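As given, the protein sequences belong to chains A and B, one line each in that order.
Just so we're aligned, residue 1 is where the first sequence starts under the working numbering, counting upward by one.
Just so we're aligned, residue 1001 is where the second sequence starts under the working numbering, counting upward by one.
Even glycine gets a Cβ: it sits at the ideal position worked out from N, Cα and C.
Please read these numbers as outputs of a predicted model, since none were measured by experiment.
Structure first, commentary second.
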Amino acid sequence: MNTILANSLNEIQKLLAKKVTKLLLFSAVIIPVLTKILVNNLFLTDWMALPTENINFTLLDLFVTMLIPLYIFIASTDLFTGEGERGTLLQVRPISRLELFVSKLSAIGILTLTVLLAEWLSVIISSAIFDNTFEFSSVTASLGAFIVSWFPIIVISAFAVMLSLVIRSSVLAISTMIVLYLIMMFIPYLLPSTLYLLPSTYLDWYMQWLGDVSFRWIIQTVTYLCSSFTLFFSIGYYMFNRKEA
Amino acid sequence: MNKKILAAIGISGALMLGSVYSISANTSGYDLYKEALKKTHSAESATLNFNLKLEDNKKSLITSQSIFKSDSVNQVNSISTRMSNDSEVSNMNMYKQNENWFVMKDGLDTVYKMDTSKNPHHSNTAELKDDVENLIDVMTKNLQQQITVAEKKDGNHVIELNLTGKEIPLTANALSTLMIKHAVMIQDNNDSDGSGFHIKADFPELDHDITVKQVKLTAQVNKENYIEQQLVKVVVTGKDKQDMTHEIVLSADLNATDYNQTTVTPVEIKADKVVEFEHGKK
């Protein structure tokens, strides 16, 4: 367990050294502030009173369905395909293949959770400063929504990691992921029956948690998220295990 | 080791497909309503009682009661509407026969004729409908799970969708707010015009802090999958120029009876009293 933790920190440091990670963390803080300033001082808001919480959730949507998946694609390509290309993926280290695989994946998971929490803090603070209708009672609900959003993101991470192990070239890997993600976003409009099969459908599942949550629905979606994570994880690990040092 | 991984892949794959199947089956309320709407549209004839009520801070602005009889086999329709606000009551009868609409208003001797054969709205193809249906299916995926269905003892289903505040999608809220604001402005422009064909509601001029507070839809679907009753309630709040808060409630209540059993008898229209009236033009 300690080796996983130690190597996760190591992988996080690698990712933090990248410009794109810094950019994402920065935008997680600055975008909510800018949005709040804009919304509260724009001509539109003279006459429109959109629920504050709604705007907060739209900000969450932007990150959960666009920026974070994009970042996941970059990070997993870098940690797997990129290192494979550079030959640093499977160096002699006192760590088993499984531990290495888990720690790389959890590095991505920890960073995305950090981004979500940073965004939540920024949303809440800027909302408290700029919104007249800010209510303290909504703080816990929105924290819940941000944390709940993390689970489908982990599934997308496992999916991206799986792809990054199948494809050998970084450029090809990242472009395949983006194209596949766009396809996943739009294919349900043509074939509605595929909707619930795609992991991208569940990215905004926090919306379901806002109203009256049905117990049956929780079991079904949690089963989906767990099983699809296991599926992508096992396929990814299988590919990773077969790689020759 | 490999066997374990393959087993994990197999089991999780099966579980995933199982959960997808059960989630897809969840939207029964939405599907039930959609099917009922389609079936209702395909009915050959029906009698609809349609009541509309608009209230501002619990004070009635306008009410209307309509009885709509439709017979799509013989292409004959009749609508009789009674509209009233605080001070006035107006009755209006409309008939569709021989491909034309005829409008008769209480107290007026003339009959207005609207030619609908030139109506461009009839070019809907089935293909387009399917595309729109797919679009709506996907766009409302988060709302679909909020629709509840309850089965009553007599076999009817009650479908309900109740959205308040933050549950209403931001874009929908913004768009309807925009429309309300525009409607107020257009009404301002039209005030001097005074065509007097309908009774005007004394609609409060919302100026700021406009928001859609609640949208509620309740529908009752009978055993034959026809919609028997449908209630739509929309609550909008906002403030006028004097900073007074208004809560405007629109409720539409539809009761449908006599599916496929309604007969509409064409009325006699005296040709010398007919005036051509082009929709949308003066």
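Residue environment, residue i, which counts as buried when at least 16 other CB atoms sit within 10 Å
i          : result
Met162(A)  : buried
Lys1129(B) : exposed
Tyr1095(B) : buried
Leu15(A)   : buried
Val179(A)  : exposed
Glu11(A)   : buried
Tyr1021(B) : exposed
Asn7(A)    : buried
Glu1035(B) : exposed
Ala1007(B) : exposed
Val102(A)  : buried
Glu99(A)   : buried
Val1089(B) : exposed
Ala256(A)  : The structure shown does not extend to residue 256(A), since chain A is modelled only from 1 through 245, so no value can be given for it.
His1157(B) : buried
Gln91(A)   : exposed
Asp78(A)   : buried
Glu244(A)  : exposed
Ser137(A)  : exposed
Which of helix, strand or coil DSSP assigns to residue i
i          : result
Asp1207(B) : strand
Met207(A)  : helix
Thr1063(B) : strand
Val1073(B) : coil
Gly1033(B) : Looking at the sequence provided, one finds Tyr at residue 1033(B) rather than Gly. The answer is helix: DSSP assigns Tyr1033(B) an H, G or I state.
Leu1254(B) : strand
Asp1056(B) : strand
Tyr71(A)   : helix
Lys1216(B) : strand
Ala17(A)   : coil
Glu1228(B) : strand
Ser1078(B) : strand
Leu143(A)  : helix
Leu1163(B) : strand
Lys1038(B) : helix
Leu50(A)   : coil
Gly87(A)   : coil
Asp1131(B) : helix
Gly1280(B) : Any reading at Gly1280(B) is ruled out, since the residue's pLDDT is 49, under 50, leaving its predicted position unreliable.
Asp1243(B) : coil
For residue i: DSSP bridge partner residues
i          : result
His1157(B) : Glu1151(B) and Val1221(B)
Met1083(B) : Ser1064(B) and Ser1090(B)
Tyr196(A)  : DSSP output for Tyr196(A) lists no bridge partner at all.
Ile1248(B) : Asp1056(B) and Val1236(B)
Ser1300(B) : Nothing can be reported for residue 1300(B), as the shown portion of chain B is limited to 1001 through 1282.
Met1104(B) : Asn1093(B) and Val1111(B)
Val1275(B) : Tyr1112(B)
Leu100(A)  : Leu100(A) is not bridged to any residue.
Phe1050(B) : Ser1066(B) and Leu1254(B)
Asn1098(B) : Answer is none; Asn1098(B) lacks a bridge partner.
CB contact check: residue i to chain B, cutoff 7 Å
i         : result
Glu85(A)  : no
Ala137(A) : Reading off the sequence shown, one finds Ser at residue 137(A), where the question assumed Ala. It does not: the Cβ of Ser137(A) has no partner Cβ on chain B nearer than 7 Å.
Met184(A) : no
Tyr238(A) : yes
Ser234(A) : yes
Leu79(A)  : no
Leu9(A)   : no
Tyr202(A) : no
Leu197(A) : yes
Leu105(A) : no
Any C-beta of chain A under 7 Å from that of residue i
i          : result
Ser1176(B) : no
Ala1008(B) : yes
Val1249(B) : no
His1121(B) : Only weak support is given to the placement of His1121(B): the predicted model assigns it a pLDDT of 49, under 50, and the value that follows is read from those uncertain coordinates. No, because no Cβ of chain A sits closer than 7 Å to the Cβ of His1121(B).
Asp1283(B) : The structure shown has nothing for residue 1283(B), since chain B only spans 1001 to 1282.
Ile1180(B) : no
Asp1137(B) : yes
Gly1196(B) : Residue placement at Gly1196(B) cannot be trusted, given a pLDDT of 47 that sits under 50; the coordinates are not used to answer.
Asn1093(B) : no
Asn1255(B) : no
Any chain E beta carbon closer than 7 Å to residue i
i        : result
Leu98(A) : Looking at the structure shown, chain E is missing, and the protein chains on hand are A and B.
Could you list the residues in the segment 1139 to 1173 of chain B with a C-beta less than 7 Å from some C-beta on chain A, going in chain order?
-> Lys1141, Asn1142, Gln1145, Gln1146, Gly1165, Lys1166, Glu1167, Leu1170 and Asn1173
Select from the segment 220 to 231 of chain A all residues with a C-beta closer than 7 Å to any C-beta belonging to chain B, and list them in chain order.
-> Gln220, Thr221, Thr223, Tyr224, Ser227, Ser228, Thr230 and Leu231
When you check each C-beta in the segment 1231 to 1243 of chain B against every C-beta of chain A, which residues fall closer than 7 Å?
-> none
Name the residues in the segment 52 to 64 of chain A whose C-beta lies less than 8 Å from a C-beta of chain B; which are they?
-> Glu53, Asn54, Ile55, Phe57 and Thr58
Where the segment 1006 to 1038 of chain B meets chain A: residues whose CB sits under 7 Å from a CB there | Ala1008, Ile1009, Ser1012, Gly1013, Leu1015, Met1016, Ser1019, Val1020, Ser1022, Ile1023, Ser1024 and Asn1026
Members of the segment 204 to 215 of chain A that neighbour chain B once the beta carbon cut-off is set at 9 Å = Asp204, Trp205, Met207, Gln208, Leu210, Gly211, Asp212 and Ser214
Determine which residues of the segment 162 to 189 of chain A have a Cβ less than 8 Å from any Cβ of chain B, and write them out in chain order.
-> Pro188 and Tyr189
Can you give me, in chain order, the residues of the segment 1210 to 1222 of chain B that have a beta carbon less than 7 Å from any beta carbon in chain A?
-> Ile1210 and Thr1211
Listed in chain order, which residues of the segment 1047 to 1064 of chain B have Cβ atoms closer than 7 Å to some Cβ of chain A?
-> none
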